[in-house]
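Asks:
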Amino acid sequence: MSAKNQHSTEGDWLPFLATWARHPIKMGAVAPSSRAYCSMMVRHATTELDGPILELGPGLGVVTRTLIEHGVAPERITSIEYESEFAQKLQRRFPKVNVICGDGLDLDKTLGPAEASEKYAAILFAIPIVNMPHGKRQALFSRYFERLRPGGNLTQLSYMLTPPVRSLPGVFKTSSSRRVWANVPPARVWIYNQDRQEDARTEAA
Ligand SMILES: C[S@@+](CC[C@H](N)C(=O)[O-])C[C@H]1O[C@@H](n2cnc3c(N)ncnc32)[C@H](O)[C@@H]1O
């Protein structure tokens, strides 16, 4: 089987739509992200840094596949997916990826004490948080930043028109890609880079 066929996610729209019909808030999307959108997300993620990559809310693996196509070794990727059927399918599709069926919003519980000190090169985030109050979103992302290596960033799939999580001075700065029109619906990738304010102040002193 060729790598393309092995990783093919064509035909995933039906199980995706069916799961959305059962859990619309948890799924947050009626269709998997397009190739163009996944490429934009992976291009902005700091995968060039050494270290493992964390993917939260992989669905059936469109972003996972793109990471691998962009040269990321599958052994570097840990993907946390809440839906057990999706997680099982993902593990079959990408046997070398560390797929965990669990809650990506609670990494302490899902990754456990053995992984507590692991630091990631990049976090790719696709869990819907539109119903979460903004203060909680900032607190959640602050906890993710504690798990990033220096220079590592978080990239987020969100259809929101304004920043889903506003900059938190001293922790992260929010920016976005241009809008990807070839996606349902068209959307930007939201990018969260470490805010070096504190470092800059120390260096200047
Ligand atoms: C909008 S879909 C994104 C799927 C895929 N990454 C894409 O871009 O097409 C959101 C995914 O997050 C999963 N999800 C929702 N809540 C989650 C949670 N708390 N932890 C892990 N995954 C979750 C859903 O089951 C779904 O697969």
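The number in our numbering is simply the position in the sequence shown, starting from 1, with 2 added. Backbone N, C-alpha and C fix where the C-beta goes; we use that ideal spot for every residue, glycine too.
Could you check where the beta strand (DSSP E) with residue 83 kicks off and where it finishes?
Replies: Translated into positions along the sequence shown, residue 83 becomes position 81. Its beta strand (DSSP E) spans residues 79-83.
Asks: Spatial neighbours of residue 104 within its chain, please: C-beta separation below 6 Å, excluding the five flanking residues on both sides.
Replies: As a working note, residue 104 is residue 102 in the sequence shown. Cβ within range, chain order: 82 and 112.
Asks: Please list, in chain order, all residues of the same chain as residue 40 whose beta carbon is under 6 Å from its beta carbon, the five residues on each side excluded.
Replies: Here residue 40 corresponds to residue number 38 of the sequence shown, with the count starting at 1. Result list for residue 40: 64, 65 and 68, in chain order.
Asks: As a quick exercise: from 149, 150, 129 and 37, pick the residue whose alpha carbon is nearest that of residue 161.
Replies: For the purposes of this step, residue 161 is identified with residue 159 of the sequence shown, where counting begins at 1. When each option's Cα is compared against that of residue 161, the closest is 129.
Asks: Based on DSSP bridge pairs, tell me the residues matched to residue 100.
Replies: Against the sequence shown, residue 100 aligns to sequence position 98. Residue pairing by DSSP places residue 100 opposite 80 in a beta bridge.
Asks: Can you tell me the Cβ-Cβ gap for residue 55 and residue 146, rounded? I've got them flagged as a contact below 8 Å.
Replies: As a first step, residue 55 must be located in the sequence shown, where it is residue number 53. As a first step, residue 146 must be located in the sequence shown, where it is residue number 144. Contact flag wrong, Cβ pair sits at about 13 Å.
Asks: List the endpoints of the continuous alpha helix (DSSP H) containing residue 111.
Replies: For the purposes of this step, residue 111 is identified with residue 109 of the sequence shown, where counting begins at 1. First-last of the alpha helix (DSSP H) with residue 111: 109-113.
Asks: Considering only residues of the region 135-179, which uninterrupted beta strand (DSSP E) runs meet the minimum length of 3 residues and lie entirely inside it, listed in chain order?
Replies: Secondary structure in the region 135-179: the beta strand (DSSP E) runs of 3 residues or longer, each lying completely within the stretch, are 150-160 and 174-178 in chain order.
Asks: Would you mind sorting residue 163 into buried or exposed? The rule is 16 or more other CB atoms within 10 Å of its CB.
Replies: Locating residue 163 in the sequence shown gives position 161, counting from the first residue. So residue 163 counts as exposed.
Asks: Which word fits residue 91, buried or exposed, when buried means at least 16 other C-beta atoms lie within 10 angstroms of its C-beta?
Replies: Residue numbering aside, residue 91 sits at position 89 when the sequence shown is read from its first letter. Residue 91 should be labelled buried.
Asks: Quick one: is residue 85 buried, meaning 16 or more other Cβ sit within 10 Å of its Cβ, or exposed?
Replies: For the purposes of this step, residue 85 is identified with residue 83 of the sequence shown, where counting begins at 1. By the 10 Å Cβ count, residue 85 comes out buried.
Asks: From residue 35 to residue 198, what does the alpha carbon distance come to, in whole angstroms?
Replies: Start at 1 with the first residue of the sequence shown, and residue 35 comes out as number 33. Start at 1 with the first residue of the sequence shown, and residue 198 comes out as number 196. Cα-Cα distance, rounded: 31 Å.
Asks: Can you give the Cα-Cα distance for residue 18 and residue 52, rounded to whole angstroms?
Replies: Numbered from its first residue, the sequence shown carries residue 18 at position 16. Numbered from its first residue, the sequence shown carries residue 52 at position 50. Computed Cα separation, rounded: 33 Å.
Asks: Name the DSSP beta bridge partners of residue 58, please?
Replies: Taking the first residue of the sequence shown as position 1, residue 58 is located at position 56. Its beta-bridge partners are 82 and 127.
Asks: To the nearest angstrom, how far is the alpha carbon of residue 187 from that of residue 174?
Replies: Residue numbering aside, residue 187 sits at position 185 when the sequence shown is read from its first letter. Residue numbering aside, residue 174 sits at position 172 when the sequence shown is read from its first letter. Straight-line Cα distance between these residues: approximately 27 Å.
Asks: Looking only at C-alpha atoms, which of 15, 21, 148 and 26 sits nearest to residue 132?
Replies: Locating residue 132 in the sequence shown gives position 130, where the first residue counts as 1. Minimum Cα distance to residue 132 is reached at 26.
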